[in-house]
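Undergrad:
Residue numbers (this note's numbering): 2 to 466.
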């Protein structure tokens with residue numbers, strides 16, 4: 002997964018001459034109406050400096066510290082005025098504050114040099130956040146981002162244990178020590194199995210990920226990796242909850258001598274056969290399939306996606322495992338009660354990544370059966386990344402302009418929100434949504450999920466998005 006990226010440190014213990022060690026104040030972004038924070042008068046821009054004499058390092062510390070029933074807060078408001086606030090509350094009451102950052106002492110970046118790292122396969126000159134190599138165990142706990150465990154200090158391990166930061170999401174890639182060290186280009190990477198044993202001894206848990214690079218960690222290496230991980234997947238409290246197998250993604254910006262080859266149809270078919278055979282074994286031994294393939298494998302091999310029950314409780318949906326199947330399920334629900342006709346006809350185009358267009362065509366067919374609805378599904382490649390079979394979230398603004406040029410887009414273009422940076426209307430190539438709108442001949446409607454797509458296809462363009 003690729004993301005833009007004891008409690009706290011006692012204020013009295015911070016070294017004033019080493020500013021880099023001091024967490025920055027937690028800056029308030031928003032305040033929940035009716036919350037304790039609202040009653041206290043918190044406003045966006047205020048800075049929370051400490052709680053009971055402790056300066057929180059991140060959201061985790063903040064949440065732990067707020068459990069106390071008696072709190073003493075040190076605050077600096079937007080005008081630079083310091084305040085001391087004492088309050089009593091129930092242990093399960095929060096303050097209702099959201100902050101501009103999840104980490105107040107900075108992001109822990111990756112110390113590996115994986116040749117398949119997607120962040121290193123980008124062109125220079127884009128926004129800074131695209132080049133941050135998140136390998137932070139706190140973001141893994143908070144948001145499910147993947148980390149490698151190679152940059153943890155003794156203090157980090159102690160904190161994971163004492164604050165019970167579980168489950169974490171771990172990029173494994175291989176369990177054989179020398180192979181993992183070679184893949185990550187880091188000798189510390191070979192300690193993985195000892196680290197998983199550490200989690201097991203403390204009843205802590207992880208979800209695992211394997212990025213398959215053909216010729217390097219597929220075949221027998223992949224079988225060994227899944228088998229090794231499965232040894233920690235049994236019992237009442239398994240240390241490894243699930244394993245996701247995803248294909249390496251390669252762009253045209255990667256070094257020519259990186260030794261990597263892209264996944265082709267034959268490779269995808271071989272990996273599917275291997276992992277599905279392991280799933281049957283794991284089902285017998287563990288009562289769960291345990292290891293799952295991301296949807297891309299089936300699409301690249303031109304195979305149907307597994308039925309929904311095969312994904313069990315979708316433990317790795319955010320990693321692309323069953324995400325399309327779940328999306329199809331939600332689209333099925335959204336199209337169950339379609340009207341026979343619409344009062345005002347509407348011609349819509351829905352743009353997606355080329356790798357998923359065939360899987361979604363049945364939805365377009367259902368919508369086109371409604372009288373007055375014309376619904377065109379357009380699957381695009383990504384010249385920007387140099388990928389023909391690309392997922393929707395990687396399409397850039399320039400990809401859209403290139404791929405849609407000269408097409409009859411109807412009355413409106415439906416644009417999946419996954420193409421845009423979360424919270425900001427900007428694409429991966431830094432083109433803004435407004436810039437795209439100015440250069441396309443039809444209105445652009447950003448759609449969020451299955452119900453929004455169906456509703457947008459059925460209503461006229463003049464209505465509010």
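Using N, Cα and C, we set each Cβ at its ideal position, and we do this for glycine too. Since we're looking at a predicted model, the values are computed, not measured.
State the start and end residues of the unbroken alpha helix (DSSP H) segment that holds residue 354.
TA: Per DSSP, residue 354 belongs to no alpha helix (DSSP H); it is in the beta strand (DSSP E), 342-354.
Undergrad: Measure from the alpha carbon of residue 300 to the alpha carbon of each residue in 325, 289 and 312, then state which is nearest.
TA: Closest option to residue 300, Cα to Cα, is 325.
Undergrad: Is residue 226 a contact residue of the ligand FMN, with contact defined as CB to any heavy atom under 6 angstroms?
TA: Here there are no bound small molecules, and the ligand FMN is not part of this structure.
Undergrad: Taking only runs that begin and end inside the stretch 371-399, name each unbroken beta strand (DSSP E) of 3 or more residues, in chain order.
TA: You should have 372-381.
Undergrad: Pop quiz: residue 230 and residue 244 are said to be a contact at Cβ under 8 angstroms. What is the actual Cβ separation, rounded to whole angstroms?
TA: Rounded, the Cβ-Cβ distance is 5 angstroms, consistent with contact.
Undergrad: Please report how far the alpha carbon of residue 5 lies from the alpha carbon of residue 253, in whole angstroms.
TA: Confidence is the limiting factor: at residue 5 the pLDDT is only 46, short of 50, which leaves the residue's position unreliable, though a coordinate-based value still follows. In a straight line, the C-alpha of residue 5 is about 20 angstroms away from that of residue 253.
Undergrad: With DSSP as the reference, label residue 293 as helix, strand or coil.
TA: In the structure shown, residue 293 sits in a strand (DSSP, three-state: E or B).
Undergrad: Do residue 73 and residue 87 have their C-beta atoms closer together than 7 angstroms?
TA: Contact flag set, yes.
Undergrad: Between which two residues does the beta strand (DSSP E) holding residue 27 run?
TA: Its beta strand (DSSP E) spans residues 27-32.
Undergrad: Restricting to Cα atoms, I'd like to know which of 235, 426, 314 and 117 is closest to residue 258.
TA: Comparing Cα-Cα distances from residue 258 to each of 235, 426, 314 and 117, the minimum goes to 117.
Undergrad: Report yes if the C-beta distance between residue 426 and residue 415 is below 7 angstroms; otherwise report no.
TA: No, the pair does not count as a contact, with Cβ atoms beyond the cut-off.
Undergrad: State the Cα-Cα distance for the pair residue 55 and residue 185, rounded to the nearest angstrom.
TA: So the two alpha carbons sit approximately 37 angstroms from each other.
Undergrad: What distance in whole Å lies between the Cβ atoms of residue 173 and residue 226, which are believed to be in contact at a cut-off of 8 angstroms?
TA: Yes, they are in contact, since the Cβ atoms of residue 226 and residue 173 sit about 6 angstroms apart, within 8 angstroms.
Undergrad: Across the stretch 379-398 and the stretch 352-359, are there enough close Cβ pairs to call them in contact, namely three or more that are closer than 8 angstroms?
TA: Result yes; three or more Cβ-Cβ pairs closer than 8 angstroms.
Undergrad: Enumerated in chain order, which unbroken segments of the alpha helix (DSSP H) with a length of 4 residues or greater are wholly contained in the stretch 223-277?
TA: The stretch 223-277 contains no whole alpha helix (DSSP H) run of 4 or more residues.
Undergrad: Just list the alpha helix (DSSP H) runs in the stretch 87-147, keeping only unbroken ones of 4 residues or longer that don't cross its boundaries, in chain order.
TA: With a minimum length of 4 residues, the continuous alpha helix (DSSP H) runs that stay inside the stretch 87-147 are 138-144.
Undergrad: Rounded to a whole number of angstroms, what is the C-alpha to C-alpha distance between residue 242 and residue 136?
TA: The straight-line gap from Cα to Cα measures roughly 20 angstroms.
Undergrad: Which two residues bound the contiguous alpha helix (DSSP H) that contains residue 326?
TA: Its alpha helix (DSSP H) spans residues 324-335.
Undergrad: Would residue 153 and residue 146 be called neighbours here (beta carbons separated by less than 7 angstroms)?
TA: Not closer than 7 angstroms, so no.
Undergrad: Taking the alpha carbon of residue 23 as the point to measure from, which residue in 106, 328 and 330 has its own alpha carbon closest?
TA: Checking every option, the nearest Cα to that of residue 23 belongs to 106.
Undergrad: Which residue from 36, 127 and 94 puts its Cα closest to that of residue 71?
TA: Considering only alpha carbons, the answer is 94.
Undergrad: Near residue 360, which residues of its chain fall below 6 angstroms by C-beta distance, leaving aside the five closest residues on each side in sequence?
TA: Once the five neighbours on either side are set aside, the close Cβ partners of residue 360 are 325.
Undergrad: Drop a sphere of 10 angstroms on the beta-carbon of residue 449, count the other beta-carbons inside from all chains shown, and report buried for 16 or more, exposed for fewer.
TA: When all chains shown are included, residue 449 counts as exposed.
Undergrad: Would residue 37 and residue 97 qualify as a contact pair, given that the criterion is a beta-carbon distance under 7 angstroms?
TA: Yes, the Cβ-Cβ distance between residue 37 and residue 97 is below 7 angstroms.
Undergrad: Assuming contact is defined by CB atoms lying nearer than 7 angstroms, are residue 451 and residue 335 in contact in what I supplied?
TA: Cβ distance < 7 angstroms, so residue 451 and residue 335 count as in contact.
Undergrad: Using a 10 Å radius around the Cβ and a threshold of 16 neighbouring Cβ atoms, would you call residue 303 buried or exposed?
TA: Answer is exposed; the Cβ neighbour count stays below 16.
Undergrad: Using a Cβ-Cβ cut-off of 6 angstroms (strictly less than) and excluding sequence neighbours within five positions of residue 48, which residues of its own chain qualify?
TA: The answer, listed in chain order, is 26, 28 and 77.
Undergrad: How many angstroms separate the CA atom of residue 149 from the CA atom of residue 368?
TA: Residue 149 and residue 368: Cα-Cα distance of roughly 44 angstroms.
Undergrad: To the nearest whole angstrom, what separates the beta carbons of residue 112 and residue 176, a pair I think is in contact under 8 angstroms?
TA: Rounded, the Cβ-Cβ distance is 20 angstroms, inconsistent with contact.
Undergrad: In three-state terms, what does DSSP make of residue 178?
TA: Here residue 178 sits in helix by DSSP.
Undergrad: Identify whether residue 19 lies in helix, strand or coil by the three-state DSSP scheme.
TA: Any reading at residue 19 must be qualified, since the residue scores a pLDDT of 47, below 50, and its modelled position is unreliable; the value itself is stated next. Coil, per DSSP.
Undergrad: Let's see if you can read the secondary structure: which residues bound the beta strand (DSSP E) around residue 212?
TA: Element bounds for residue 212: 207-213.
Undergrad: Have a look at the DSSP bridge pairing and note the partners of residue 433.
TA: Bridge partners of residue 433: 427.
Undergrad: With a threshold of 8 angstroms, are at least 3 pairs of Cβ atoms found where one atom belongs to the stretch 156-170 and the other to the stretch 283-293?
TA: No contact exists between the stretch 156-170 and the stretch 283-293.
Undergrad: Please report the distance separating the alpha-carbon of residue 203 from that of residue 281.
TA: Computed Cα separation, rounded: 29 angstroms.
Undergrad: Let's test the definition: count the other Cβ atoms within 10 Å of the Cβ of residue 465 and tell me whether it reaches 16, buried, or not, exposed.
TA: Reliability fails at residue 465, whose pLDDT of 42 lies under 50, so the model's placement of it is uncertain and no value is given.
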